[in-house]
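First the structure, in the form of structure tokens, and then the observations on it.
Residue numbers (the UniProt record's numbering), protein chains in the order written: chain A, 1 to 412; chain B, 1 to 412.
And the structure:
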């Protein structure tokens with residue numbers, strides 16, 4: 001019989017953990033470096049140590065728990081996720097990846113399985129990026145994407161720095177935030193989209209993550225009184241903005257089967273019922289797993305923005321503030337996850353991820369792949385986030401056998 | 001030779017007055033009951049008294065200056081405007097109507113002209129409504145549109161009440177804020193639109209003011225991650241809002257020759273670059289001099305809003321928060337203004353006003369009409385507001401002869 005996790009133990013731990021920062025509507029409020037995030041970290045350290053892991057905390061507050069392998073010099077297999085949340089976020093996002101990794105360790109302990117390679121469980125700092133931007137800051141410094149000092153100087157809305165808040169909660173560790181050689185990295189996470197449930201699958205084998213473009217757009221027109229100013233003399237920045245919102249929606253219909261596009265933020269000034277909008281700032285977000293599709297969408301929306309400004313007699317500014325290419329994961333890692341899904345008997349499918357994850361940064365330094373479990377109605381980043389526990393268990397068993405296949409030894 | 005105002009004296013006074021609360025960019029910042037508004041009032045009181053006017057201040061801070069007529073019991077002719085400004089507003093809006101009225105009085109003094117009817121100059125409190133809503137509060141209480149207590153309880157963004165701020169600047173007067181019988185009311189004001197200059201006219205004989213509808217619209221959709229949420233599962237409140245903005249613009253093209261429509265305010269939540277907008281609140285403003293045109297525009301936009309919500313799978317709320325019918329002024333008053341324009345030799349035209357004025361409320365209690373002078377590029381409510389001084393002078397001479405025709409006596 002194949003080894004399997006203890007679904008009930010995992011559930012009890014999941015429920016206990018999510019009492020920390022619990023919200024009335026059934027979510028959790030544990031943004032990075034908050035008091036609730038501190039208590040969540042304390043709980044992880046306690047459980048990691050109880051499971052026999054050797055805990056170390058690095059300068060970014062990334063939390064590692066190590067279980068030695070039969071070959072102490074072999075490159076370790078790293079797996080985990082994050083436990084910081086959105087403001088009033090859900091119970092599953094990140095949490096199942098960390099507590100699932102801990103459950104894998106306990107399962108190996110119970111079954112007395114020693115792997116060849118060392119195993120390391122990780123909980124990354126500030127994945128969500130809601131309090132300190134940018135997101136994925138802990139894994140970003142770990143993988144040399146960001147400098148440590150840059151990360152330390154990030155501030156929240158109250159002008160508190162990442163460094164001072166990290167020190168305040170007592171999680172500025174001694175270990176340098178830099179990566180050692182790793183055999184591989186795995187992360188189990190909720191899908192945050194609808195495809196697994198639409199395809200009756202419990203597990204997604206994530207081939208890679210969408211590339212994306214983020215743009216800031218600003219239109220400058222002329223504020224004027226909404227009564228006596230005839231339509232032909234208006235330079236209304238909001239009308240041009242509505243052209244952009246419509247164009248983004250239209251482009252997604254023709255730009256490629258997986259292209260998504262969003263105008264998420266609009267700021268109008270002076271924003272008064274009887275004054276023609278003088279200036280509007282908005283954002284555009286385009287994503288696809290095909291970089292050429294993102295390229296083309298960006299080129300098209302640039303033309304749409306210029307044309308909207310021209311039609312309405314406006315000045316405009318356009319800046320692409322971030323551009324990330326699609327990020328394919330490692331073939332060997334993907335095959336191990338597929339093999340594990342077959343071992344476990346899970347219904348699985350290959351898929352891509354529209355959202356970014358710590359795994360993206362890890363993919364730049366070691367072979368990496370992700371395991372998705374379903375999100376009901378595709379909902380995430382809200383308190384309504386939900387995944388059937390059976391699916392979490394299935395995903396964690398896939399993680400278990402993926403790790404075993406990667407780490408080698410008697411559990412294989 | 002017909003009597004005429006002293007253009008240079010008026011100009012010197014205009015320039016001196018606009019040093020109060022002057023902004024670097026050439027405008028004025030004298031919102032209602034501000035320190036600058038207090039100094040402007042002090043200056044008016046001083047000049048009114050120097051001109052021989054009997055000053056009285058009512059409970060709303062409306063400032064009256066009376067010049068007795070030959071018949072002390074006759075109903076007076078009232079004329080004036082306001083001196084409160086937008087935040088960083090222009091030099092002309094309201095100011096020329098009050099200082100022009102004062103110039104009319106001084107001209108009569110110099111020419112030793114005694115009218116049959118008493119003349120009263122007025123400067124209304126809080127016309128702009130930028131600090132305390134609603135606008136036209138002083139004339140509104142005077143004409144029984146609002147209760148005094150309602151007006152007193154209006155608060156600004158710092159939660160200071162109209163009453164306490166009025167007391168703070170020392171302009172809560174003793175005179176009850178209620179209207180006596182009036183022969184007529186006249187107000188000279190900048191057009192705030194382009195039509196006079198487009199028609200090479202110095203003076204507009206304002207037949208009445210547009211009716212309007214103000215609506216609050218809210219769409220409720222579903223916040224979700226902008227990456228993994230496919231387009232067909234989105235309920236994006238901002239996409240529906242962009243449909244409304246486009247529909248308002250389209251409706252103005254077909255809804256009637258003078259129909260104007262504006263979406264001036266948009267509030268998006270959560271308003272984040274990578275989150276699909278869950279809720280958007282916006283406003284719609286439709287105006288026309290034809291009430292049926294406003295009716296039809298409101299009916300059409302209601303259908304557009306319902307259809308946009310249906311297309312995007314949203315809930316919506318729609319509330320008409322204000323509806324004011326078009327307000328035709330008094331025919332006799334209009335004829336007096338036309339006669340005066342001919343006396344003065346002014347190029348004039350009949351027109352309507354897209355913006356509301358204190359004259360609207362006065363029109364409910366006595367025969368009323370307005371005189372417009374041109375606004376360069378139709379611009380108002382900004383520091384760039386500009387009117388050629390020759391046009392201000394022409395308009396004031398029209399006011400002078402209109403008042404003389406109304407008040408009777410040897411100046412006729």
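Here a beta-carbon is modelled for each residue, glycine too, at the ideal position from N, C-alpha and C.
Could you pull the DSSP bridge partners for residue i from this structure?
| i | result |
| --- | --- |
| residue 323 (chain A) | A:213 |
| residue 328 (chain A) | A:208 |
| residue 494 (chain B) | This structure gives no information on residue 494 (chain B), because the portion of chain B shown stretches from 1 to 412. |
| residue 372 (chain B) | B:189 and B:204 |
| residue 225 (chain B) | B:275 |
| residue 119 (chain B) | B:67 and B:77 |
| residue 22 (chain A) | A:28 |
| residue 175 (chain A) | A:58 |
Below 8 angstroms on the Cβ atoms is my contact criterion, and I expect residue i with residue j to pass it. Report the Cβ-Cβ distance as a whole number of Å.
| i | j | result |
| --- | --- | --- |
| residue 338 (chain B) | residue 201 (chain B) | Contact doesn't hold; Cβ gap of about 12 angstroms is too wide. |
| residue 383 (chain A) | residue 90 (chain A) | 6 angstroms |
| residue 213 (chain A) | residue 286 (chain A) | 5 angstroms |
| residue 378 (chain B) | residue 192 (chain B) | 7 angstroms |
| residue 381 (chain A) | residue 275 (chain B) | 7 angstroms |
| residue 100 (chain A) | residue 396 (chain A) | 4 angstroms |
| residue 296 (chain A) | residue 354 (chain A) | Rounded, the Cβ-Cβ distance is 18 angstroms, inconsistent with contact. |
| residue 260 (chain A) | residue 231 (chain B) | 6 angstroms |
Can you grab the Cα-Cα spacing for the pair residue i / residue j, in whole Å?
| i | j | result |
| --- | --- | --- |
| residue 17 (chain B) | residue 153 (chain B) | 30 angstroms |
| residue 178 (chain A) | residue 142 (chain A) | 5 angstroms |
| residue 309 (chain B) | residue 210 (chain A) | 30 angstroms |
| residue 131 (chain B) | residue 162 (chain B) | 9 angstroms |
| residue 81 (chain A) | residue 4 (chain A) | 21 angstroms |
| residue 160 (chain B) | residue 272 (chain A) | 21 angstroms |
| residue 242 (chain B) | residue 312 (chain B) | 12 angstroms |
| residue 175 (chain A) | residue 104 (chain A) | 25 angstroms |
| residue 319 (chain A) | residue 60 (chain B) | 50 angstroms |
| residue 317 (chain B) | residue 266 (chain B) | 14 angstroms |
| residue 277 (chain A) | residue 262 (chain B) | 9 angstroms |
| residue 368 (chain B) | residue 156 (chain B) | 31 angstroms |
| residue 146 (chain B) | residue 125 (chain B) | 13 angstroms |
| residue 389 (chain A) | residue 15 (chain A) | 11 angstroms |
Starting from residue i, trace the beta strand (DSSP E) in both directions and tell me its first and last residue.
| i | result |
| --- | --- |
| residue 161 (chain B) | Neither: residue 161 (chain B) is in no beta strand (DSSP E) and is coded neither H nor E. |
| residue 386 (chain A) | Segment: none, residue 386 (chain A) is in no beta strand (DSSP E) and carries neither H nor E. |
| residue 182 (chain B) | That residue, residue 182 (chain B), is in no beta strand (DSSP E); it is neither H nor E in DSSP. |
| residue 79 (chain A) | 77-82 |
| residue 61 (chain B) | Note, residue 61 (chain B): premise wrong, no beta strand (DSSP E); not H, not E. |
| residue 348 (chain A) | 348-353 |
| residue 267 (chain B) | 266-269 |
| residue 261 (chain B) | 260-262 |
Identify the continuous alpha helix (DSSP H) that holds residue i and give its terminal residues.
| i | result |
| --- | --- |
| residue 12 (chain A) | 7-17 |
| residue 242 (chain B) | 237-254 |
| residue 48 (chain B) | 35-50 |
| residue 299 (chain A) | 291-312 |
| residue 107 (chain A) | 95-111 |
| residue 53 (chain B) | Careful: residue 53 (chain B) lies outside any alpha helix (DSSP H) and carries neither H nor E. |
| residue 141 (chain B) | 137-142 |
| residue 362 (chain A) | 358-362 |
| residue 149 (chain A) | 148-153 |
| residue 198 (chain A) | 195-198 |
Between which residues of its own chain and residue i is the CB-CB distance below 8 angstroms, once the five residues before and five after are set aside?
| i | result |
| --- | --- |
| residue 412 (chain A) | Residue placement at residue 412 (chain A) is flagged as unreliable, the pLDDT there being 47, under the threshold of 50; a coordinate-derived value is accordingly withheld. |
| residue 244 (chain B) | 217, 263, 282, 284, 301, 304, 305 and 308 |
Which residues in the same chain as residue i place their Cβ atom closer than 7 angstroms to its Cβ, once the five residues preceding and following it in sequence are excluded?
| i | result |
| --- | --- |
| residue 68 (chain A) | 118 |
| residue 314 (chain A) | 219, 220, 221, 235, 237 and 240 |
| residue 247 (chain B) | 301 and 304 |
| residue 343 (chain B) | 2 and 401 |
| residue 39 (chain B) | 20 |
| residue 398 (chain B) | 203, 337, 340, 341, 344, 346 and 371 |
Spatial neighbours of residue i within its chain, please: CB distance less than 6 angstroms, with the 5 preceding and 5 following residues excluded, ordered by chain position.
| i | result |
| --- | --- |
| residue 224 (chain B) | 276 |
| residue 64 (chain A) | 56, 120 and 122 |
| residue 362 (chain A) | 185 and 368 |
| residue 54 (chain A) | 66 |
| residue 12 (chain A) | none |
Taking CB distances under 8 angstroms as the criterion, tell me whether residue i reaches chain D.
| i | result |
| --- | --- |
| residue 82 (chain B) | No chain D appears in the structure shown, which is made up of the protein chains A and B. |
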